[in-house]
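In terms of my numbering, the sequence shown opens at residue 61 and continues consecutively.
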Amino acid sequence: MFLFAVRRLFQAVPILLGVSLVVFGLVHLVPGHPIDLLLPPEASPEVIARMKQELGFDKPLYIQYAVWLLRALGGDLGVSIFSGQPVASEIVRALSNTMLLAMPAAVLGFSAGILLGLLAAFNSATWLDKLFSAMAIAGVSLPHYWFGIILVVIFSVTLNALPAQGMGDGGFDLLVHLLLPVVTLSLIPMGVVARLVRATVLDIRSQEFVGALEAKGLRPRRILLHIIKNAAPPVLAVMGLQFGYLLGGSILIETVFNWPGSGNLLNLAIFRRDIPVLQGTILVLAFFFVVLNLLVDIAQAIIDPRIRR
61 MFLFAVRRLF QAVPILLGVS LVVFGLVHLV PGHPIDLLLP PEASPEVIAR MKQELGFDKP
121 LYIQYAVWLL RALGGDLGVS IFSGQPVASE IVRALSNTML LAMPAAVLGF SAGILLGLLA
181 AFNSATWLDK LFSAMAIAGV SLPHYWFGII LVVIFSVTLN ALPAQGMGDG GFDLLVHLLL
241 PVVTLSLIPM GVVARLVRAT VLDIRSQEFV GALEAKGLRP RRILLHIIKN AAPPVLAVMG
301 LQFGYLLGGS ILIETVFNWP GSGNLLNLAI FRRDIPVLQG TILVLAFFFV VLNLLVDIAQ
361 AIIDPRIRR
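Next comes the structure, spelled out in structure tokens:
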């Protein structure tokens, strides 16, 4: 098991290096230059050249990449062009706010998805199966930002029961502000997990070993535990991917609810062409995504020893 974990860890290193190279290259392929946004149109060529030199934009791209990567490995992601604050501190602050959304959304979405999937699988070809499957398909198909706007119209505008913007003043007020964005964000993981659980459980129930367990007179609860154990590896893999999406794919949700998380930070960095913030945010989110997949692989190997081979 230890060797498997070490091997997967080393496999993640080139992936992270590739991600850093792509992030650095893509940001510099976007038309325009951040210096143009920092200086007035009438700025002289001498002022522009001095600004480029101070920010390191006068050096060749491969040198800029090497300098940026070495600093990033040391935890220094540079300074925001607009705010003048260290990028690392801005990302930590935004990411902690995103985690406040992603954690309860993951718990809610995964729990509801597993429950709906199991109920649909154990009531297959009935009206309950059709109802739960329709809910799962709706969770995957409906645009989550549209669903968030609908919730805002109903609970904030019409009923005036829940706030629609910001994080509140902490404590109970924070919990109230979390309700609508968390429900909205949990929609997609709920649908994805429910569909996968249903399909996986139905497939396992049709296998011969389940029939053999039933023929031996094993209690339904013990048979259910065997089915869940066999269904766990693929479901865990998808849950890891979905949690990664919750961290990095919540730009629209954070924009709809004006939530100051990593998605909102990324959105602002794109519009401002704040390259250090843009590069740092994408790199950190990619790092979290790779680490999550690594943890999921290790968890799968613990549950199913065949994966270690």
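C-beta: ideal position from N, C-alpha, C; glycine also.
| Asked | Found |
| --- | --- |
| Residue from L211, D118, L352 and V127 with nearest C-alpha to L296 | L352 |
| Pairwise C-alpha distance: A254 and L175 | 7 Å |
| Unbroken stretches of the alpha helix (DSSP H), 4 residues or longer, contained in the stretch 250 to 294 | 268 to 275 |
| At least 3 beta-carbon pairs within less than 8 Å: the stretch 157 to 169 vs the stretch 236 to 246 | yes |
| Residue from L345, L326, P293 and L306 whose Cα sits closest to the Cα of I358 | P293 |
| Enclosing alpha helix (DSSP H) for P336 [first to last residue] | I335 to I363 |
| Span of the alpha helix (DSSP H) around E150 | V147 to F182 |
| Cβ neighbours of I375 in the same chain (closer than 6 Å, five flanking residues each side left out) | Since the first residue shown for the chain is 61 and the last is 369, residue 375 is missing from the structure and cannot be characterised. |
| Buried versus exposed, by CB contacts within 10 Å (16 or more), G134 | exposed |
| beta-carbon I311 near the ligand NAD non-hydrogen atom, thresh 6 Å | The model depicted lacks the ligand NAD and carries no ligand whatsoever. |
| Whether S140 touches P336 by CB criterion (7 Å) | yes |
| Straight-line Cα distance separating S156 from G230 | 14 Å |
| Identity of the residue in R110, L77, E274 and A154 nearest S310 by Cα | A154 |
| Within 7 Å, strictly: CB atoms of M250 and G300 | no |
| Spatial distance of L278 from G323 (CA atoms) | 49 Å |
| Beta strand (DSSP E) runs contained entirely in the stretch 178 to 215, provided each spans 3 or more residues | none |
| Nearest-angstrom Cα separation, counted from H88 out to I362 | 42 Å |
| Spatially closest choice to G138 from I197, T158 and E114, by CA coordinates | E114 |
| Exposed unless 16 or more other CB atoms sit within 10 angstroms - verdict on Q360 | buried |
| Cut-off 7 Å between Cβ atoms - residues of its own chain near F142, not counting five sequence neighbours on either side | R332 and D334 |
| Integer Cβ distance of G208 from I313, believed to fall under 8 Å | 6 Å |
| Cβ-Cβ distance between I287 and V252 below 7 Å | no |
| Same chain, Cβ closer than 7 Å to A329, neighbours up to 5 away in sequence not counted | V337, L338 and T341 |
| Distance between L256 and N290 (C-alpha atoms, nearest Å) | 13 Å |
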